[in-house]
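Participant:
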Amino acid sequence: MALPMVDATLHAFVLLFTGDPDLWRIIWVSLKTSVIGLLLAAPPAILLGYFIAMYRFRGRRIAIWLAQAALSLPTVLIGLLLYLLLSRRGPLGDLQWLFSQPGIVVGQCVVALPVLLAFTLAAVQALDPRYAETAIALGASRWQVMARMLYEGRFGVMAAVLSGFGRVISEVGCALMVGGNIEGQTRTITTAIALETSKGEFAQGIALGIVLVTIALLMNGALMLLQGDAHAARERA
Amino acid sequence: MSFTIHTSISAAVYENENVKPRDERRRALLGVRGLRKRHGERLLFDIDVIDIATHGAYVLTGVNGAGKSTLLRVLGGLERAEIDSLRFEGQDVLRVHPYPRALRKAIVYVHQHPILFSTSVPHNIGYGLELRRLPKEAIAGTVEAAMAWAGVTHLRDSDPAKLSGGERQRVALARAKVLQPRLLLLDEPTSNLDGQAREQVIELIPTLVEAGSSVVIACHDRDLIGLPGVQRFKLRDGHLEVR
Numbered sequence: 001m002a003l004p005m006v007d008a009t010l011h012a013f014v015l016l017f018t019g020d021p022d023l024w025r026i027i028w029v030s031l032k033t034s035v036i037g038l039l040l041a042a043p044p045a046i047l048l049g050y051f052i053a054m055y056r057f058r059g060r061r062i063a064i065w066l067a068q069a070a071l072s073l074p075t076v077l078i079g080l081l082l083y084l085l086l087s088r089r090g091p092l093g094d095l096q097w098l099f100s101q102p103g104i105v106v107g108q109c110v111v112a113l114p115v116l117l118a119f120t121l122a123a124v125q126a127l128d129p130r131y132a133e134t135a136i137a138l139g140a141s142r143w144q145v146m147a148r149m150l151y152e153g154r155f156g157v158m159a160a161v162l163s164g165f166g167r168v169i170s171e172v173g174c175a176l177m178v179g180g181n182i183e184g185q186t187r188t189i190t191t192a193i194a195l196e197t198s199k200g201e202f203a204q205g206i207a208l209g210i211v212l213v214t215i216a217l218l219m220n221g222a223l224m225l226l227q228g229d230a231h232a233a234r235e236r237a
Numbered sequence: 001m002s003f004t005i006h007t008s009i010s011a012a013v014y015e016n017e018n019v020k021p022r023d024e025r026r027r028a029l030l031g032v033r034g035l036r037k038r039h040g041e042r043l044l045f046d047i048d049v050i051d052i053a054t055h056g057a058y059v060l061t062g063v064n065g066a067g068k069s070t071l072l073r074v075l076g077g078l079e080r081a082e083i084d085s086l087r088f089e090g091q092d093v094l095r096v097h098p099y100p101r102a103l104r105k106a107i108v109y110v111h112q113h114p115i116l117f118s119t120s121v122p123h124n125i126g127y128g129l130e131l132r133r134l135p136k137e138a139i140a141g142t143v144e145a146a147m148a149w150a151g152v153t154h155l156r157d158s159d160p161a162k163l164s165g166g167e168r169q170r171v172a173l174a175r176a177k178v179l180q181p182r183l184l185l186l187d188e189p190t191s192n193l194d195g196q197a198r199e200q201v202i203e204l205i206p207t208l209v210e211a212g213s214s215v216v217i218a219c220h221d222r223d224l225i226g227l228p229g230v231q232r233f234k235l236r237d238g239h240l241e242v243r
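If you read the protein sequences in the order shown, they are chains R and U. Using the numbering used here, you'd call the opening residue of the first sequence number 1 and step up by one each time. Using the numbering used here, you'd call the opening residue of the second sequence number 1 and step up by one each time.
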């Protein structure tokens, strides 16, 4: 009973270490779409998170509520909405992004946005308000205050980006629906695992799983190091 | 100790009076008429007149909760209040909100417990100059002089988060001083400091007046309140008394 599992795992390592081109192509597509999606989502999300944290305006609490709620939005639902938007008869159908890498990038972008926004919001809210006041008193403009605050909250903002990356690299629903899981084109780590497992081919799935776990370990290790630094800085202060 | 401070601050004030020509000294710097601040329904204070002269040193006293900090924060443009009219350097300021640029450049508020940016001591001191886009060499020179003035040159490479309360206060004073403000608003600069740390901060204050700033200090510190040449404001029951 245990033998197929052992065989598959051994085969997984063979695939990983012999540089199986199909496997590494999948990893490459995944990393590429995730990183681009994240880079596109980060500036607006961080900006929005900062402004919601810093400014009092009508509807602010609703904005925070929506941002928090969006964190638990299932990615398949985001996939469904994007599918409808990008499908040939949809409002963005002319772009022909459905079942393409740009489509996945848009999906990753939408998936990452709430994570980045909510975490940045929390990070900026947790900052001592004297940072902003000191900057203002010393003559900083609105944008200079923002630069100062994001610098002082840099560990929190980095944690936001890392969490966003964790979410997009590991989500399967949106990439599957918008990307279509086309071999060599839009097959990502997660969609490949889902497909291979359903075919009864475990080796590639396990190999990709190892990659995902490694990424998760690296990300969370980096996060712990950052938070450790932040805690140490707070204790000193 | 208190005796030496008295002499040093009075010396600073008298020196100013001797050096400056008659029309130069004691001109009106800031004049506020009708200043009201509410916290919800409650009227925190209702002040008819505040007059601050150039080269003036003032202490602002009052029991805890009287609104000393709030008044300084309003004057420093960190909090809003109702203001009937405001004159600055002989000019009527028509709109007080948002806080006018001219006032922002000329008036600097320093927190009771100043916070330092998590960069370096020299960067903290030069921050305001950097915002004003001064050349790097000029900033470096000014920062160097300010560090010597505040007695923090030896802390150049220290982590700002590791400084003591007194050291932090001195860095914050240097950070404000380099901007050569017309008016410095110091919120209880000596609270929670004792012994040498407190004396070091007190000694810096007369030299700020000497350098051309007017200074308003919110405080309970008897050594600051009792100084000759220093005018005293007292916030009591929401009104400002001039003593």
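For glycine and all other residues, C-beta sits at the position ideal for the given N, C-alpha and C.
Return the chain-ordered ranges of every alpha helix (DSSP H) run that is complete within the segment 14-100 of chain U and spans a minimum of 4 residues.
Facilitator: 68-75
Participant: Just the chain R side, please: which residues come within less than 7 Å of isoleucine 115 of chain U by C-beta, in chain order?
Facilitator: Along the second sequence, one-based indexing puts residue 115 of chain U at 115. Neighbours of isoleucine 115 of chain U on chain R, chain order: Asp128, Arg130, Tyr131, Thr134.
Participant: Report yes if the CB atom of alanine 159 of chain R is closer than 8 Å to the CB atom of leucine 226 of chain R, and no otherwise.
Facilitator: Reading the first sequence from its first residue, position 159 is the one you call residue 159 of chain R. Reading the first sequence from its first residue, position 226 is the one you call residue 226 of chain R. Closer than 8 Å, so yes.
Participant: Could you tell me if the beta carbon of phenylalanine 88 of chain U falls within a distance shorter than 7 Å of some heavy atom in the ligand FAD?
Facilitator: Absence of the ligand FAD from the depicted structure is noted, as is the absence of any ligand whatsoever, leaving it without description.
Participant: Starting from the Cα of alanine 161 of chain U, find the closest Cα among U:Gly65, U:Glu89, U:Thr119, U:Val74 and give me that residue.
Facilitator: Working through the second sequence from its first residue, we reach residue 161 of chain U at position 161. Taking only the C-alpha atoms, the option nearest alanine 161 of chain U is U:Thr119.
Participant: Which term fits glutamine 204 of chain R, buried or exposed, when burial requires 16 or more other beta carbons within 10 angstroms of its beta carbon?
Facilitator: For this step, residue 204 of chain R is matched to residue 204 along the first sequence. Buried, because 16 or more other Cβ atoms sit within 10 Å of the Cβ of glutamine 204 of chain R.
Participant: Grab the span of the beta strand (DSSP E) containing valine 110 of chain U for me, first residue to last.
Facilitator: Here residue 110 of chain U refers to the residue found at position 110 when the second sequence is read from its first residue. It spans 107-110 - the beta strand (DSSP E) in which valine 110 of chain U sits, taken as one unbroken run.
Participant: Here's the rule: buried if 16 or more other CB atoms are within 10 angstroms of the residue's CB, otherwise exposed. What is glutamate 24 of chain U?
Facilitator: In the second sequence, the residue the question calls residue 24 of chain U occupies position 24. Residue confidence for glutamate 24 of chain U is low, a pLDDT of 49 falling below 50, so the modelled location carries little weight and cannot support an answer.
Participant: Would you say the segment 31-39 of chain R touches the segment 90-110 of chain R, given that touching needs at least three Cβ pairs under 8 Å?
Facilitator: At 8 Å Cβ cutoff, the stretches touch.
Participant: Tell me the rounded alpha-carbon separation between aspartate 194 of chain U and leucine 75 of chain U.
Facilitator: Looking up residue 194 of chain U in the second sequence gives position 194. Looking up residue 75 of chain U in the second sequence gives position 75. Approximately 28 Å, taken between the alpha carbons.
Participant: When you compare the CB of glutamate 152 of chain R with every CB in chain U, is at least one pair closer than 8 Å?
Facilitator: Stepping through the first sequence from its first residue, residue 152 of chain R is reached at position 152. Cβ-Cβ to chain U under 8 Å: yes for glutamate 152 of chain R.
Participant: Quick one, which of U:Glu130, U:Gly126, U:Pro135, U:Arg132 has its alpha-carbon nearest glutamate 144 of chain U's?
Facilitator: As a first step, residue 144 of chain U must be located in the second sequence, where it is residue number 144. Of the listed residues, the one whose Cα sits closest to glutamate 144 of chain U is U:Gly126.
Participant: What are the boundary residues of the alpha helix (DSSP H) that glutamate 241 of chain U is part of?
Facilitator: Start at 1 with the first residue of the second sequence, and residue 241 of chain U comes out as number 241. Segment 239-242 is the beta strand (DSSP E) holding glutamate 241 of chain U; no alpha helix (DSSP H) there.
Participant: Would you verify that the beta carbon of tyrosine 58 of chain U is, or is not, closer than 8 Å to some beta carbon of chain R?
Facilitator: Reading the second sequence from its first residue, position 58 is the one you call residue 58 of chain U. By this cut-off, tyrosine 58 of chain U is not an interface position.
Participant: Taking all protein chains shown into account, decide if tryptophan 143 of chain R is buried (16 or more other Cβ within 10 angstroms of its Cβ) or exposed.
Facilitator: The residue labelled residue 143 of chain R in the question sits at position 143 within the first sequence. Its Cβ having fewer than 16 others within 10 Å, tryptophan 143 of chain R is exposed.
Participant: In terms of DSSP beta bridges, what is alanine 218 of chain U paired with?
Facilitator: Locating residue 218 of chain U in the second sequence gives position 218, counting from the first residue. Alanine 218 of chain U pairs with U:Leu60, U:Asp187.
Participant: Select from the segment 125-145 of chain U all residues with a C-beta closer than 8 Å to any C-beta belonging to chain R, and list them in chain order.
Facilitator: Residues passing the 8 Å Cβ filter: Tyr127, Gly128, Leu131, Arg132.
Participant: Between which two residues does the beta strand (DSSP E) containing arginine 88 of chain R stretch?
Facilitator: Sequence index remark: in the first sequence, residue 88 of chain R carries index 88 (1-based). Per DSSP, arginine 88 of chain R belongs to no beta strand (DSSP E) and is neither H nor E.
Participant: Hey, quick one: how far does the alpha helix (DSSP H) through phenylalanine 51 of chain R stretch, first residue to last?
Facilitator: Reading the first sequence from its first residue, position 51 is the one you call residue 51 of chain R. Element bounds for phenylalanine 51 of chain R: 21-54.
Participant: In terms of residue numbering, what span does the alpha helix (DSSP H) encompassing glutamine 231 of chain U cover?
Facilitator: The residue given as residue 231 of chain U occupies position 231 in the second sequence. Glutamine 231 of chain U -> not in any alpha helix (DSSP H); beta strand (DSSP E) instead, spanning 231-236.
Participant: Mapping the DSSP letters down to three states, classify tryptophan 238 of chain R as helix, strand or coil.
Facilitator: Only positions 1 to 237 of chain R appear in this structure, which leaves residue 238 of chain R out of reach.
Participant: Return the Cβ separation of valine 215 of chain U and leucine 186 of chain U in integer angstroms, given the expectation that the two are a contact with Cβ distance under 8 Å.
Facilitator: As a working mapping, residue 215 of chain U is identified with position 215 in the second sequence. As a working mapping, residue 186 of chain U is identified with position 186 in the second sequence. The pair is a contact, with the Cβ atoms about 6 Å apart (cut-off 8 Å).
Participant: Given a cut-off of 8 Å, decide if leucine 208 of chain U and leucine 29 of chain U are closer than it, judged by their beta-carbon atoms.
Facilitator: Position 29 of the second sequence, counted from the first residue, corresponds to residue 29 of chain U. Position 208 of the second sequence, counted from the first residue, corresponds to residue 208 of chain U. No; because the gap between Cβ atoms is not below 8 Å, this pair is not in contact.
Participant: If you draw a straight line from the C-alpha of glutamate 167 of chain U to the C-alpha of threonine 153 of chain U, how long is it?
Facilitator: Walking along the second sequence from the start, residue 167 of chain U turns up at place 167. Walking along the second sequence from the start, residue 153 of chain U turns up at place 153. If I take the Cα positions, the gap works out to 11 Å.
Participant: Pick helix, strand or coil for proline 4 of chain R, following the three-state DSSP scheme.
Facilitator: Taking the first sequence and counting its residues from 1, the one referred to as residue 4 of chain R is at position 4. It is helical.
Participant: Tell me the DSSP secondary structure of alanine 118 of chain R in three-state form.
Facilitator: Here the question's residue 118 of chain R lines up with position 118 in the first sequence. The answer is helix: DSSP assigns alanine 118 of chain R an H, G or I state.
Participant: Cutting at 6 Å between CB atoms, please list the residues of its own chain near glycine 173 of chain R, excluding the five before and the five after it.
Facilitator: Numbered from 1 along the first sequence, position 173 holds the residue referred to as residue 173 of chain R. Counting only Cβ-Cβ distances below 6 Å, and skipping sequence neighbours, we find Thr75, Val76, Gly79.
Participant: Helix, strand or coil, according to DSSP, for tryptophan 97 of chain R in the structure here?
Facilitator: The count along the first sequence starts at 1 and reaches residue 97 of chain R at position 97. DSSP places tryptophan 97 of chain R in coil when its eight states are reduced to three.
Participant: What residue range does the alpha helix (DSSP H) around glutamate 167 of chain U cover?
Facilitator: Residue mapping note: residue 167 of chain U aligns to position 167 of the second sequence, counting from 1. 165-177 is the span of the alpha helix (DSSP H), which, as asked, contains glutamate 167 of chain U.
Participant: Spell out whether any CB of chain R is found under 8 Å from the CB atom of serine 118 of chain U.
Facilitator: As a first step, residue 118 of chain U must be located in the second sequence, where it is residue number 118. Output row for serine 118 of chain U: interface = yes.
Participant: Considering only C-alpha positions, which residue in the set U:Thr70, U:Asp157, U:His111 is nearest to arginine 80 of chain U?
Facilitator: Numbered from its first residue, the second sequence carries residue 80 of chain U at position 80. Comparing Cα positions, the closest option is U:Thr70.
Participant: Can you tell me whether DSSP reads leucine 204 of chain U as helix, strand or coil?
Facilitator: One-based indexing of the second sequence puts residue 204 of chain U at position 204. Here leucine 204 of chain U sits in helix by DSSP.
Participant: Between the beta-carbon of valine 201 of chain U and the beta-carbon of arginine 170 of chain U, is there less than 8 Å?
Facilitator: Residue numbering aside, residue 201 of chain U sits at position 201 when the second sequence is read from its first letter. Residue numbering aside, residue 170 of chain U sits at position 170 when the second sequence is read from its first letter. The answer is yes: Cβ separation under 8 Å.
Participant: Could you name the residues of the same chain whose beta carbon sits closer than 6 Å to that of glycine 31 of chain U, not counting the 5 residues immediately before and after it, in chain order?
Facilitator: The residue you call residue 31 of chain U lines up with position 31 of the second sequence. So the qualifying residues of the chain are Asp51, Arg87.
Participant: If you count every other CB in all the chains shown that lies within 10 Å of the CB of histidine 97 of chain U, and 16 or more means buried, which is it?
Facilitator: Along the second sequence, read from residue 1 onward, the residue named residue 97 of chain U stands at position 97. In this structure histidine 97 of chain U is exposed. Its beta-carbon is surrounded by fewer than 16 other beta-carbon atoms within 10 angstroms.
Participant: So asparagine 124 of chain U is in the alpha helix (DSSP H); what residue range does that whole segment cover?
Facilitator: Within the second sequence, numbered from 1, the residue matching residue 124 of chain U stands at position 124. It spans 121-131 - the alpha helix (DSSP H) in which asparagine 124 of chain U sits, taken as one unbroken run.
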